[in-house]
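Next comes the structure, spelled out in structure tokens:
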């Protein structure tokens, strides 16, 4: 199992994944809401959009903009079950455990923290 730093380093080598950045509006949102609230949003998005074993619109459930967590999901390849499978070998068609969900949220928040840096 790779660490968050290892995952972020690998993602940084992808032209597509490394192209995502928080803009000033996104950073202001994070500053206003606070990291705890953004973490709560991330956990909710992961629980509702990634955790189910079957997702009818998989591959299209995560917008490219509109919330800092959405950008983090694309930057971290946690935007759909197909990407989770490709990048992290998380099997499709099986509900994510609480531990798996927490690991995803931790990765997303680490990316956001670096973007805020």
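In my numbering, the protein residues as written are 7 to 123.
Note that beta-carbon positions come from the ideal geometry of N, C-alpha and C, so glycine has one too.
- Determine the direct distance from the alpha carbon of residue 62 to that of residue 43, and round the result to whole angstroms. 28 Å
- Output the residue ranges of the alpha helix (DSSP H) runs that lie fully inside the stretch 7-68 and measure 4 residues or longer, sorted by chain position. 10-18, 30-39, 41-55
- Message: Let's test the definition: count the other Cβ atoms within 10 Å of the Cβ of residue 38 and tell me whether it reaches 16, buried, or not, exposed.
- Response: exposed
- Item | Straight-line gap, residue 93 to residue 40 (C-alpha atoms, nearest Å) | 29 Å
- Looking at C-alpha atoms only, which residue of 101, 98, 80, 99 is the closest neighbour of residue 113? 80
- Message: When you compare the stretch 94-101 with the stretch 43-54, are there three or more beta-carbon pairs, one atom per stretch, that lie closer than 8 Å?
- Response: no
- So, are the CB atoms of residue 85 and residue 68 less than 7 Å apart? yes
- Can you tell me the Cα-Cα spacing of residue 110 and residue 58, whole angstroms? 14 Å
- Query: In or out: residue 100 buried (at least 16 other Cβ within 10 Å) or exposed?
  - Reply: exposed
- residue 65 versus 75, 87, 48, residue with shortest Cα-Cα distance: 87
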